[in-house]
Every structure is written in structure tokens, then in C-alpha cells.
Amino acid sequence: MTVALSSREIVSQLGGKFPGAVAEAGKDSVLVKGDALTQVARYLKETDGLKFEYLNYITAVDYYSYFEVVYQLTSLDHNRSVILKTRCYGRANPSLPSLTGLWQGADFQEREIYDLMGIKFEGHPNLKRIFLWEGFEGYPLRKDWNR
Amino acid sequence: MTTEQLMTLKTEPFVVNIGPVHPSTHGVYRMRVTLDGEVVLDIEPVFGYLHRGIEKLAEERTYTGFIPLTDRLDYMSAMSNNLGYCLAVEKLAGIKVPERAEYLRVIIAELQRIANHCIAVGAMLNDAGAFFTPFLYLFREREKIYDLFEMLCGQRLTYNYMRIGGVGQDIPAEFLPALAKFIQKIRRFISEYEFFLKQNEILLARAKGVGVLPKELAINCGISGPVARASGIKWDLRKADPYSIYDRFEFDIPTGENGDCYDRYRVRIEEMTQSLRIIEQASKQIPGGPIRADVPHLIRPPAGEVYAHIEAPKGELGFYIVSDNSIAPYRCHVRPTSLINLAALRQMVRGWKVADLIIIFGSIDITMGEVDR
């Protein structure tokens, strides 16, 4: 059984290393500040004993006042998983750091979020629409999008 | 010209579009391929020809009303999609599924895996140039599985059979005897198939050592399912994170060593045999009783979010659902196995010839319905 690492455990691990990186510890997820995302993800991926080297998926949710981007990581060796979340505010130009440098698998998924939710991923090598055509107006998965 | 002159001739790289409408792209998929003569220098995948906005459509439907749309994701294994989605909603709403339904789900999901691998293997051999002969033999076997599914729900491709809290209808009396007969027949068929293809010289020449996917790259790209297992990653959600009642059955996880096209082919064939083992155990143990929990027509799960994943025939299929305690999902994201499994295609095909590109792509086994959604 894949054991979801409790957020308390992660927060205690991260708290000492990256003060101020964790914004909030949810029930089974950790909310990380956008500018600390890359460091935290790298730490979770590369530290011995954690080894969250498998990125299950990335997705984004529109909550009107902010966008929440969700990352699930799994450690295949230890059979444990963790959910990282981060928020970005403002609807005009939301942006987050890209994780393509850590996981090649993030490439298409970040492009998908950019295409449908309109979040820019800084540092993505090829950030352009993936499903819709160039010149499409708006981002359809946003809650205020009208067809 | 002399030979020396010919040797120094420079070739210009040029771009060829393969697809979107091309028999070897398994749907409406396009690759912009940069070629140097016959050698692939680079490819750029182009998606979106089958994008229907299924995730947005989910927000306008009730929880139950979304099940028929899941059929249209990976339409080669519609039952598995049904199952993945229902598991996610059940986890969110805390619904307990009756025993009989759990057994039926396992039997059906494993039959679907065999049906999917029939196509995956057949299409890959088609791409290798064994034009339609092995493909149609496998299609013949898949038809028998479709006959069984038709018995269950009257449909042959998009079933809409699973329900939140169970399955749609109970099996007819003739289903289990027909299933037992089918298992016997397909066992014989697989061994016959193996006899012709396992050591087939042409298949070995075309697939062995071709399109190698190293283990580290597969993990880094988030690749799952038979493609990952062929690269030596012993990771199967039925064992690693058992859902439904998979922890009650005995089966092995076949893995490959080299991560080439041949290993991906072998893993799929062996998975078919393992699926038969599970079906046999499940059809012996299946209890009586209700086939659906007492679930209202309009489900209002408590506000919150959930991610549930299953080992679909192509890999990890997951549903991430956010509920705001209304009758429709606030957000429903599908983890697209087929899209993520394509993440390493670029490195896999570089340096190979065009004909190899086709078989490498075929060995990944994708469905555009799931890539584009």
C-alpha cells in the first residue's frame, strides 16, 4: 500500500531546511510558496531517505481568488507519496517556476495547464498551447470562461 | 562522380509531417520529424486533433452523468476508465461497494486488459511490417471478449457499465460458463501465438535493441504501465497500492530487462497470462449478493478533494476530483497515461530510421482519446 506521508512529517523535515517555504500544512498535502517550489521539490526528489523521484501528475484548479497547482510525488523505493500544492494569485498574469528541469515528464503537463488554465511556467523550454490552436482566446478551464 | 566525391556530399536536414491522418499514428496524432536522409534527428509531437474538453464537460454534469464520457477517454479500455472514475468518486463520498460487484469489476477490468493488449501487440506487429496477419488473429480473440461484454451491458466499445457504488446490471446466468470456455480457448491461442512469434527472426531483428528506454529516464518522465515495466521498473499499482480487492489474488508482475520494443511486447503477452490467472481465481470465488450499494441518483460528496488511481492496461490512470458539495464536480482532472507515456519518445527515437520510429511509437501503445481528452 502506498503510504501518504503525513504533512506534519514533511513540514518538520522542510521547516529546518527552508524556513518560510511552507505556507500551510493541510490534512494530507503541503502548501508551498511559489518561489520556494523548485528548492522544495529538488530536496524531496534528491534527498536520501525521501527519494520522491516519480512525478505522478500535475494539475491546476481555479478557485477564483487564486489558482492552485497540485503536484503528486511518489517514492518508488519506499512506496510513499506526497502531495505538494502551490498557489498563484492574480488572473491577468499568473506564473510559477517550471519543474521541467527536475522532471522531463512535467513538460507536456505544464503546457497543458498553460493552454487550458493560463498559468505561465517560468523556465519552461517550449511553453506554447498544446491542445488548442495558436490564437485561441481565453483559457477554457478557468471558471469565468464563456464559450 | 567518384566515390570520394559522393562520400563528402552533405545532406540537408528536412522536415516531414507524419500524421495527423496516417495509419501508423494510431489516431489523429502528428509528429514533425526532422530527418537526415532516413535517420531521425528530432521529433516534435503535435496534439489536440481530438481535444473535446472532457475535463470542462465534467464540471457541467452530475457525478453519475460523467461516467459515459470516461468511456471516450481511452476507448480501447473503456471499462478501466469507468472503474478508475467510480473508485475516485467512491473514495470521495465514502461509499462501500458490495463484494459481488468488486469481484465483477476485477474480472471485467482484467478482461479489458487482455482486449487492450490484443490491440497493442497486434498494432505493434502491424507497424513492424507484419501486415494485418497477426493483427487480425488478435482481433478475432478480442471479438470474443467483446461478446462477453455485450452479454453484460449490450455494448461493444463504450460500455457505461460501472456505476458509482457497484456495476450496472448483474451478469446473466450464461456469463460464467462462457467465461470459463473463453479462458480455455485463449490460453491455447496465446501459446500458439507465442510459438510463431517468440523466436521469430524478423520480429527479433526489428524489435530487439530498438528504441531503448533506460530505467532512470522512464522514472524521470513519469512513465507507467507495461512500458515502464519493460524497462525494469517493478511497479504495478495492483501490488504497490492495491485498490478494489486486488490484494486477494495471486499473480506476478512481468518485467523486462532492456527496455526495448521486444521487451514491451513480451511484457504485454505475459501480462495477458497473468490476467487470466486473476480472472480464474475471481470467477471461482465470486459470491452472491447485491451488485450495487444503495446510492442516491444525485450524489453530493462532502467538500474536499481526492486522487484515485488504477493500473489501467496502458499504465497509471488517475482521477483528481475536487468537490464543493454540489451535484457536479468542481474540477475533474484525468491523469492521462497515454500523454505522459509519450514524454520520452524524443530520446527513444533519435538516431533510428523512419521505419524504426514507427515501431517504437507503436510499442508505447497510446490512444489519442486519452492524450487529447
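Chains as they are written, first to last, in our numbering: chain P, 403 to 549; chain C, 13 to 385.
Backbone N, C-alpha and C fix where the C-beta goes; we use that ideal spot for every residue, glycine too.
In this structure, DSSP gives C:Q196 a helical state, which the three-state scheme calls helix. For a Cβ distance threshold of 9 Å, residue set E317, Y332, V334, Y342, R343 and H345 of chain C lies close to P:V463, ordered along the chain. C:A320 is the residue among C:A242, C:M136, C:A320 and C:C233 whose C-alpha sits nearest the C-alpha of C:A100. Per DSSP, reduced to three states, the secondary structure at C:K365 is strand. For C:G316, there is no enclosing alpha helix (DSSP H); the enclosing beta strand (DSSP E) has its first and last residue at G316 to A324.
In the same chain as P:Y473, and ignoring 5 residues on each side of it, the C-beta atoms closer than 6 Å to its own belong to I460 and L486, in chain order.
In the structure shown, C:M91 adopts helical secondary structure according to DSSP, grouped into three states. For C:L288, the uninterrupted alpha helix (DSSP H) segment begins and ends at C273 to Q297. The beta carbon of C:P313 sits closer than 6 Å to the beta carbons of L104, A105 and S335 from its chain, once the five residues preceding and following it are set aside; these are given in chain order. Sequence-ordered contacts of the segment 52 to 78 of chain C with chain P read F59, G60, H63, G65, E67 and K68 [C-beta pairs closer than 7 Å].
The continuous alpha helix (DSSP H) containing C:C130 extends over residues E111 to A140. When the beta-carbon positions are compared, C:F373 and C:S89 stay at least 9 Å from each other.
In terms of beta-carbon proximity, P:V442 stays away from the interface with chain C, with every pair separated by 9 Å or more. Using a CB distance below 7 Å, no part of the segment 127 to 157 of chain C faces chain P. Ranking C:Y277, C:V40, C:M19 and C:T23 by CA distance to the CA of C:N29 puts C:V40 first. With respect to the C-alpha of C:K251, the residue from C:R358, C:D264, C:A356 and C:A219 having the closest C-alpha is C:D264. Residue pairing for C:M174: DSSP places it in a beta bridge opposite C:V179. Contact annotation: C:Y97 and C:L169 have beta-carbon atoms that are not nearer than 9 Å. If you look at C:N29, you'll find it in the beta strand (DSSP E) that goes F26 to I30. C:S350 is a Cβ neighbour of C:I378, given a cutoff of 9 Å. By the Cβ test, the segment 287 to 305 of chain C is not in contact with the segment 228 to 242 of chain C, since fewer than three Cβ pairs between them sit closer than 8 Å. DSSP, reduced to helix, strand and coil, places P:N458 within a strand of the structure shown. When CB distances to chain P are screened at a threshold of 7 Å, the residues of the segment 251 to 276 of chain C falling below it are A252, D253 and P254, in chain order. Residue range M380 to D384 is occupied by the alpha helix (DSSP H) that includes C:D384.
DSSP, read as helix, strand or coil, puts C:P313 in coil. Here P:L498 is bridged, per DSSP, to P:F523.
Separation of the CB atoms of C:R347 and C:E328 is rounded to 6 Å, and the pair is thereby assigned contact status at 8 Å. Legend: CB atoms of the segment 218 to 239 of chain C lying less than 8 Å from CB atoms of chain P belong to residues L229, I231, N232, C233, G234 and I235. DSSP places C:Q167 outside any alpha helix (DSSP H), giving it a letter other than H or E. Straight-line spacing of the CA atoms in P:A494 and P:N528 works out to 21 Å.
Assigned with DSSP and collapsed to three states, C:K251 falls in helix. Its chain contains S243 and G271 as the residues whose beta carbon lies nearer than 8 Å to that of C:P226, once the 5 sequence neighbours on both sides are disregarded; these appear in chain order. Distance from the CA atom of C:A340 to the CA atom of C:A140, rounded to whole angstroms, is 45 Å. C:R218 sits close to C:I371, with the two beta carbons spaced by under 9 Å.
When DSSP states are grouped into helix, strand and coil, C:F201 belongs to the helix group. The segment 527 to 547 of chain P makes contact with the segment 497 to 515 of chain P, as at least three CB pairs between them are under 8 Å.
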